[in-house]
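Once you know that position 273 of the sequence shown is 273 in UniProt numbering, the rest is easy, because the numbers rise by one and skip nothing.
Ideal Cβ positions, reconstructed from N, Cα and C, are used throughout, including at glycine.
Note that this is a predicted model, so its numbers are computed, not measured.
Taking it in order: structure first as structure tokens, then the write-up.
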Amino acid sequence: MTKTQSVQHLPSNNASAQREEAQNTIEEARHKVELTDQTNLLPIKKLIFCYLGLGLCLLVSQLDTTITATSLSTISSAFNAGAIASWVPTAYLLTSTSTTPLLGRLSDIFGRKITLSVALAMLMVGERDCGFLEEYYSSNHRSWSSRGAIRSLAQIIISDVVSLRDRGKYQAIIASISSIGIAVGPVIGGAIAQKAGWQWCFWFTVPVIVCAAPIINLVLPYRSVRGNIREKLRVIDYVGSCLTLTACTLFLLPLIWGGVTYPWSSPMIVGTLVGGFVTCLLFICWEWKGAVLPILPMYVFKYSTINGVYIVGMMSGMIRATIMYYLPQYFQVALGYTPIRAGVLLIPFLVFNTFMNQVAGQIMSRTGRFRMLVLTGFGIWSISCGLLSTITPHTPYALLVVYMLLSGVGSGQTLQTTTVAAQATVPRKDMAVVTAFRNFVRMLGEALGLAIGSALINNTLRRSMQDLSIPEQAAKEIIDKPILLSYPSSSNLSPDLFIQILYDGYLRGFKNVFLVNASLSATAFVISFMLIHETDLDREDDSGTPREETKEALNDSIGDMEKGRIDQSAEKGVPHVIRGVADLHSKRYGESTKLLILGNLRY
């Protein structure tokens with residue numbers, strides 16, 4: 001009987017042993033994978049040229065996005081397909097969001113410079129091909145994935161060339177360039193579409209990319225990444241990449257379709273959402289136990305600050321997307337403004353968002369603190385969203401500007417500060433993947449924000465028109481094109497009915513959107529207070545010399561200093577750049593470090 005029992009237990013014991021052996025093999029493989037530290041802190045002169053190249057790349061990416069968005073109606077006419085205006089934003093969200101988590105790890109494996117160069121090449125080829133009707137659909141996916149890649153890689157490269165303490169103010173410059181692209185893009189796009197034809201909306205950026213590519217290759221520092229091409233291809237997390245793309249697609253499609261293409265309760269929406277959550281769980285399990293070099297190491301979630309940054313990052317994306325999309329729509333529908341005037345009203349938000357980005361970066365650089373900036377930013381943002389929920393067609397123009405200004409102040413204080421908070425929390429080897437995933441959750445938040453805003457406004461409009469017994473066809477036209485509410489003559493409905501629909505439907509839905517925004521920003525304040533903690537921005541790995549090694553070197557050389565071999569005269573004959581480096585070390589580690597550096601150079 002005992003023998004039988006022991007035989008029966010053998011298979012399960014063998015299976016357990018095999019699982020344990022497989023897990024040990026994975027752990028051993030993980031320990032063998034060593035990532036190259038691509039840190040290369042630059043002096044100010046080289047940093048300026050590096051920023052020139054990064055700025056050009058980012059400006060191209062942002063201009064490309066806004067120019068395309070502005071010219072959608074012209075492109076739709078060329079294709080004789082009105083539905084393209086809704087298909088393009090959907091595809092852009094899918095491609096740019098789903099590829100973002102992969103970029104951090106790919107840049108770790110192949111190097112930042114090579115990854116950025118490939119992204120620029122893909123964007124250039126995609127833009128060139130988009131100008132031809134037969135290539136438009138297939139080429140756009142290459143362009144959109146490249147745009148998202150360029151934005152994330154710019155932030156990752158900044159973390160390599162700028163110290164953590166100064167990173168906020170330099171990342172604010174990148175954010176300023178994005179704002180310029182957002183402000184200028186619609187004007188350029190409209191002019192090109194009207195004067196030169198829709199093809200030039202894509203071809204316009206090709207010469208700029210041709211100029212940016214050699215600048216990037218000349219000024220961007222190159223750090224050789226260990227391993228040959230076969231070894232690099234071997235460590236790519238292919239399973240994790242497929243699971244990421246699948247989960248993003250299954251999760252984003254129902255958010256885009258819900259309430260527009262299909263009802264929220266339809267099997268298509270529910271089924272894809274469930275599939276997205278299941279795939280997401282599979283991704284977590286694989287990254288935790290299966291991947292040799294995970295796209296997102298699960299151990300980063302042991303830091304409460306990382307969890308806080310990701311949660312508030314998603315909320316920030318939701319709020320910002322609704323401001324950028326629904327406020328201009330409100331100005332056109334409720335106030336009867338032209339698209340240009342509605343766009344001008346966004347300028348206070350964009351200008352003060354950029355300005356506070358710079359201010360917050362300078363404060364972080366001088367004080368080494370970021371937590372209070374995050375808290376005050378979300379506090380101001382929650383107040384401004386509450387104020388925006390109160391606006392009506394009778395709200396004075398000056399008051400609208402003040403509300404937009406306040407919103408820009410709050411948004412600007414939270415954008416780069418949370419990125420620096422995440423980067424300060426993790427070791428340098430995880431900085432790229434943490435930064436890329438932070439951008440991913442923010443873009444996912446933008447998709448969520450647009451979906452929730454659309455659902456709130458459309459459902460409120462639908463209920464209002466049902467109460468007024470509006471014909472179904474007329475109601476569908478108004479929901480699809482809310483701008484019709486500004487033109488009562490465009491329908492057989494009476495002007496009084498239009499006014500009632502505007503106030504009871506659209507304005508109430510808009511108010512609900514910004515009440516949700518106020519709740520989100522207030523929740524983000526609480527989460528930031530509970531989870532995001534202050535971290536020292538003066539890191540040992542930012543100096544290039546670990547503090548303990550410096551102390552040991554000082555102890556070894558103390559005898560030489562006592563004998564007078566190293567003294568102030570060591571500065572004689574030493575190049576100015578080296579003396580500057582020595583002065584920098586003396587501020588962090590003391591005057592003796594400076595003497596040690598100069599003395600070693602001299603002797």
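- Here the alpha carbon of R462 sits roughly 9 Å from the alpha carbon of I478.
- Taking the Cβ atoms as the reference, V433 lies roughly 18 Å from G227, outside the contact range of under 8 Å.
- When the five nearest sequence neighbours on each side are left out, the beta carbons in the same chain lying within less than 7 Å of the beta carbon of G449 are those of G317, M318, I319, A321 and T322, in order along the chain.
- Residue pairing by DSSP places Y506 opposite no residue, since no beta bridge is assigned to it.
- Unbroken alpha helix (DSSP H) runs of no fewer than 4 residues, entirely contained in the stretch 358 to 389, are found at 371 to 388, following chain order.
- In this structure, the beta-carbon distance from A175 to Q416 falls below 8 Å.
- Following the DSSP letters along the chain, one finds N40 in no alpha helix (DSSP H), marked with neither H nor E.
- As a beta-bridge residue in DSSP terms, G258 pairs with Y262.
- Look at the beta carbons and you see the stretch 56 to 65 touching the stretch 145 to 163: at least three pairs across the two are nearer than 8 Å.
- Per DSSP, N307 is one residue of the alpha helix (DSSP H) stretching across S304 to V333.
- DSSP places V292 in no alpha helix (DSSP H); its state is neither H nor E.
- When only Cα atoms are considered, T115 and T460 end up about 46 Å apart.
- Here M268 has P254, W257 and Y262 as same chain residues with Cβ atoms under 8 Å from its own Cβ, once five neighbours each way along the sequence are excluded.
- Considering only I340, L35, T419 and V161, the residue with the shortest C-alpha distance to A191 is I340.
- In the three-state DSSP reduction, G336 falls in the coil class, being neither helix nor strand.
- Judged by their CB atoms, D430 and V300 are nearer to each other than the 8 Å cut-off.
- Contact annotation: the stretch 401 to 419 touches the stretch 345 to 358, with at least three C-beta pairs closer than 8 Å.
- For a cut-off of 8 Å, the C-beta gap from R223 to G111 is around 7 Å, short enough to register as a contact.
- Beta-carbon to beta-carbon, Y403 and S384 are separated by about 6 Å, close enough to satisfy the 8 Å threshold.
- Only residues of its own chain outside the window of five on either side were considered, and among them G453, F510 and V513 have a CB closer than 7 Å to the CB of Y326, listed in chain order.
- The beta-carbon distance between S98 and T244, rounded to whole angstroms, is 7 Å. This is short enough to meet the 8 Å contact definition.
- For T395, there is no enclosing alpha helix (DSSP H), as DSSP marks it with neither H nor E.
- Counting other Cβ atoms within 10 Å of its Cβ, L233 stays below 16 and is therefore classed as exposed.
- Of the residues assessed, F202 falls on the buried side of the cut-off, its CB having 16 or more other CB atoms within 10 angstroms.
- Classified as buried, M122 has 16 or more neighbouring CB atoms from the shown chains inside 10 Å of its CB.
- In the three-state scheme derived from DSSP, where H, G and I count as helix and E and B as strand, S163 is classed as coil.
- Note that the C-beta distance between T39 and D160 is below 8 Å.
- Distance from the CA of S178 to the CA of N458, rounded to the nearest whole angstrom, comes to 31 Å.
- Closest in alpha carbon position to F204, among A213, S528 and G185, is G185.
- Taking C-beta atoms under 8 Å as the contact rule, I156 and A436 qualify, at a distance of about 7 Å.
- Counting only the Cα atoms, Y170 lies some 37 Å from G290.
- Inclusion of S389 and L282 in the CB contact set at 8 Å is not warranted, their separation being larger than that value.
- Excluding the 5 residues flanking it on each side, V219 has same chain C-beta neighbours closer than 8 Å at K46, F49, C50, L52 and G53, in chain order.
- Separation of I188 and M298 (C-alpha to C-alpha, rounded to the nearest whole angstrom) is 44 Å.
- W200 and I182 have their C-alpha atoms some 18 Å from each other.
- One alpha carbon belongs to A474, the other to L497, and they sit about 12 Å apart.
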